[in-house]
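Peer 1:
Numbering (this note's numbering), first residue to last: 2 to 640.
1) Hey, how far is the Cα of residue 345 from the Cα of residue 329?
2) Using a Cβ-Cβ cutoff of less than 7 Å, which residues in the same chain neighbour residue 378 once the five nearest sequence positions on both sides are dropped?
3) Quick check on the DSSP output: what are the complete alpha helix (DSSP H) runs of length 4 or more inside the region 538-604, in order along the chain?
4) Return the first residue and the last residue of the beta strand (DSSP E) that residue 132 is part of.
5) Is the distance from the Cβ of residue 324 to the Cβ of residue 304 below 8 Å?
6) For residue 84, collect the residues of the same chain with a Cβ closer than 6 Å to its Cβ; drop the 5 residues on either side in sequence, then sort them by chain order.
7) If I measure Cβ to Cβ from residue 3 and keep anything under 8 Å in the same chain, skipping five residues before and after, which residues do I get?
8) Under a three-way DSSP split, which group does residue 316 fall into?
9) Tell me which residues share the same chain as residue 499 and place their Cβ nearer than 6 Å to its Cβ, disregarding the 5 neighbours each side in the sequence.
10) On the CB-based measure, 16 or more other CB atoms within 10 Å of its CB, does residue 91 come out buried or exposed?
11) I'd like the list of long-range same chain contacts for residue 458, defined as Cβ closer than 8 Å, with 5 residues on each side in sequence excluded.
12) Contact defined as beta carbons within less than 8 Å: I believe residue 173 pairs with residue 218. What is the distance between those atoms, to the nearest angstrom?
13) Are there three or more Cβ pairs, one per stretch, closer than 8 Å when the region 410-417 is compared with the region 113-127?
14) With DSSP as the reference, please indicate the residues paired to residue 462 in a beta bridge.
15) Using a 10 Å radius around the Cβ and a threshold of 16 neighbouring Cβ atoms, would you call residue 381 buried or exposed?
16) Kindly list the residues whose CB is nearer than 8 Å to the CB of residue 18, restricted to its own chain and excluding five residues on each side of it in sequence; keep chain order.
17) Apart from the five residues on each side of it in sequence, which residues of its chain come closer than 8 Å, Cβ to Cβ, to residue 202?
18) So residue 639 packs on residue 515, CB below 8 Å; how close in whole Å?
19) Which whole runs of the alpha helix (DSSP H) in the region 37-66 are 4 residues long or more, in chain order?
20) Do you know whose CA, among 230, 479, 27, 503, lies nearest residue 465's CA?
21) In terms of residues, what are the limits of the beta strand (DSSP E) holding residue 391?
22) So, for residue 222: in the same chain, excluding its five sequence neighbours on each side, which residues have a beta-carbon less than 6 Å away from its beta-carbon?
23) What do you get for residue 267, buried or exposed, if any count of 16 or more other CB atoms within 10 angstroms of its CB means buried?
24) Grab me the residues of residue 598's own chain with a C-beta within less than 6 Å of its C-beta, minus the 5 sequence neighbours each way, in chain order.
25) For residue 95, which residues of its own chain have a beta-carbon under 8 Å away from its beta-carbon, when the five flanking residues on both sides are left out?
26) Below 8 Å on the Cβ atoms is my contact criterion, and I expect residue 626 with residue 472 to pass it. Report the Cβ-Cβ distance as a whole number of Å.
27) Helix, strand or coil for residue 617? Go by DSSP, reduced to three states.
28) Excluding five sequence neighbours on each side, which residues of the same chain lie with their C-beta closer than 7 Å to the C-beta of residue 450?
29) Report, in whole angstroms, the separation of the C-beta atoms of residue 279 and residue 190, which I expect to be a contact under 8 Å.
30) Would you be able to state if there are at least three C-beta pairs under 8 Å between the region 190-199 and the region 145-159?
31) Are residue 185 and residue 264 close, meaning C-beta to C-beta below 8 Å?
32) What is the C-beta distance between residue 313 and residue 558, in whole angstroms, given that I count them as a contact (C-beta under 8 Å)?
33) For residue 354, which residues from the same chain have a beta carbon less than 7 Å from its beta carbon, with the 5 sequence-adjacent residues on both sides left out?
34) With a CB to CB cut of under 7 Å and the five nearest residues on each side skipped, what residues in its chain are close to residue 126?
35) By the three-class DSSP mapping on this structure, what secondary structure does residue 70 have?
36) Considering just the uninterrupted stretch of the alpha helix (DSSP H) at residue 100, what are its terminal residues?
See below:
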């Protein structure tokens, strides 16, 4: 049968040409269907959480357009080249996204081509390629950083067998690019690069000098990149590390997808065990085996942890979107001759991704017509500008005329996160460094915002709404910033926006300097309560047990709650974390909505039911936190 088929294959269609044709078609299929992304007005009755994503994308675009310094003026997990992920053209330059798309396409071509040509089990390799084409969404978005990490793994794995200038160049370019795109994957990519070049230095002696040159070039690119892209290196690193470490403790979410979480864990364990077995069976040198296992283990854990922490459909989807590409990148899974164990495990992983996409109804990700025609890409590129993707004018979300007149190009910040409404009303944004309140989830990040309000850069106006995410107590998302609002700002007007009450705060002149003077420090039991006093600020330091730390590696962080007992004897419970508690808490007044904050700022007498009697803590699971906690009290004074 195969001989009769071969007779009908043209002589010019060699295996390499066939692999090149398949790779070109696959890359074309994955090439974006549109050049940049758009931001549209939200419906006037939309829930406030729907403004989170467009707001941080606009915030990053604003930071880029205004040449703010990353690490000092703006602190986020995404960096100055993040526009290649969210594809908002503001501040990106006309050809920035296009250059990246070409770069990514070249990398994808080599990944497909090399895999098909050198595979000893081409049917399995082609099935992996098909799965990638089927499950990869038309809009990759934040997944670009994950995809780049997988491509870095591909090039490192290639260089371990046969290093050359191409795979070394690609490693340097991808690792340094990721560092300025998204800090968490960027940090991992630099660690991967260090391990890769260390391996080449010791085990490919003919490449020692070349390896040193390439590693130094990576450091030079980062150095010059910091200068060109307005990055303050150490603050950029410190801010990124704090955002990463705090995320796991507070951003977990119970989305009701536990069955998918279990499947991901099974696939993670099975694939890593299989790779270990393949490495041992191959009898390669120990260092090479360990590096292969390290690359795949860390990369697979990254996509798994990203899904299992937030546990919403978007993050879970990214596991199934990009796990097949990781299997392609580590060619040990499919380069070997037909092996039943490897075939079964890899096929299970691929089918899990296909079935997930099919069951969850991601039809918009696999629209064949849009994949083939791509009608909008080059048209949008032709007319690209800083505002080409901003479709916010006109809209139904305009502030009252008196508010706009009062602001009159004055610098204005927004609490908690709705930057989009500032842009919609063409206001002069003056964003604090961690510009969305739910992200300032530890003491370091909170102090960045607090110091911003203590400085001459503090905005004259703030649009304020008391709200948070995931059942968190909004007053304690940024407690020191909230104190700035209470002490140094006046509520000069209120208005309704999207059927919600907003306060317009104006900074007092002159503003006061807020001082925190250490009053006392003591220990108490985890189950004890704090009886708050006026003008006292409380930092609560709790320690995790080993059981907690171990569980947090593989699963969501154990739930921790702040309990508030009001004067009417009613209990209220809010999600919190060790980082938020160390940031601090204060106030003898319960403020759960904008109305209550309004009356507190005005200084009206607070009725007994709204007074706070005690603050307490509760862990959802036993044995997760140590029995003794430390409390530091500070006296709040002003100058």
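Glycine is no exception: its CB is placed at the ideal position from the N, C-alpha and C atoms. These numbers come from a predicted model, not from an experiment.
Peer 2: Taking the structure as given:
1) Cα to Cα, the separation comes out at about 15 Å.
2) Contacts found: 33, 34, 35, 36.
3) Listed in chain order, they are 547-555, 579-584, 595-603.
4) Under the DSSP assignment, residue 132 falls outside any beta strand (DSSP E), being part of the alpha helix (DSSP H) whose first and last residues are 123-136.
5) Between residue 324 and residue 304, the gap from beta carbon to beta carbon is short of 8 Å.
6) Cβ-Cβ distances below 6 Å link residue 84 to 93 in the same chain, with the five nearest sequence neighbours on each side left out; the list follows chain order.
7) Note on residue 3: pLDDT 46, under 50, position unreliable in the model; the coordinate value appears next. Result list for residue 3: empty, nothing under 8 Å.
8) In the structure shown, residue 316 falls within a helical segment according to DSSP collapsed to helix, strand and coil.
9) Hits under 6 Å: 45.
10) Per the 10 Å Cβ criterion, buried.
11) Excluding residues up to 5 positions away in sequence, 431 lie with their Cβ nearer than 8 Å to the Cβ of residue 458 in the same chain.
12) Confirmed, about 6 Å.
13) No: the two stretches stay apart, fewer than three of their Cβ pairs being nearer than 8 Å.
14) Under DSSP, residue 462 shares a beta bridge with 413, 507.
15) By the 10 Å Cβ count, residue 381 comes out buried.
16) The answer is none, since no qualifying residue turns up.
17) Answer for residue 202: 208, 209, 212, 213, listed in chain order.
18) By a beta-carbon distance limit of 8 Å, residue 639 contacts residue 515. Their separation comes to about 6 Å.
19) Counting whole runs of 4 or more residues, the region 37-66 contains the alpha helix (DSSP H) stretches 53-66.
20) Among 230, 479, 27, 503, the Cα nearest to that of residue 465 is on 503.
21) Premise fails: residue 391 is in no beta strand (DSSP E) and is neither H nor E.
22) The answer, listed in chain order, is 177.
23) Looking at its Cβ environment, which holds fewer than 16 other Cβ atoms inside 10 Å, residue 267 is exposed.
24) Correct list, in chain order: 467, 592.
25) The answer, listed in chain order, is 382, 385, 386.
26) At roughly 19 Å, the Cβ-Cβ gap does not stay under 8 Å, so residue 626 and residue 472 are not in contact.
27) In this structure, residue 617 counts as strand in the three-state DSSP scheme.
28) The beta carbon of residue 450 is closer than 7 Å to those of 433, 434, 435, 441, 479, 482 in its chain, skipping five residues each way along the sequence.
29) Not a contact, Cβ separation roughly 24 Å.
30) Touching, yes, given that three or more Cβ pairs across the two stretches are closer than 8 Å.
31) Result no, Cβ atoms of residue 185 and residue 264 do not sit closer than 8 Å.
32) The beta carbons of residue 313 and residue 558 sit about 15 Å from each other, so the pair does not count as a contact at 8 Å.
33) Hits under 7 Å: 132, 136, 321, 324, 325.
34) Within its own chain, the residues whose Cβ lies closer than 7 Å to the Cβ of residue 126, once the five positions on either side in sequence are excluded, are 116, 117, 120, 335, listed in chain order.
35) For residue 70, the secondary structure class from DSSP, reduced to helix, strand or coil, is coil.
36) Residue 100: member of the alpha helix (DSSP H) spanning 97-119, first to last residue.
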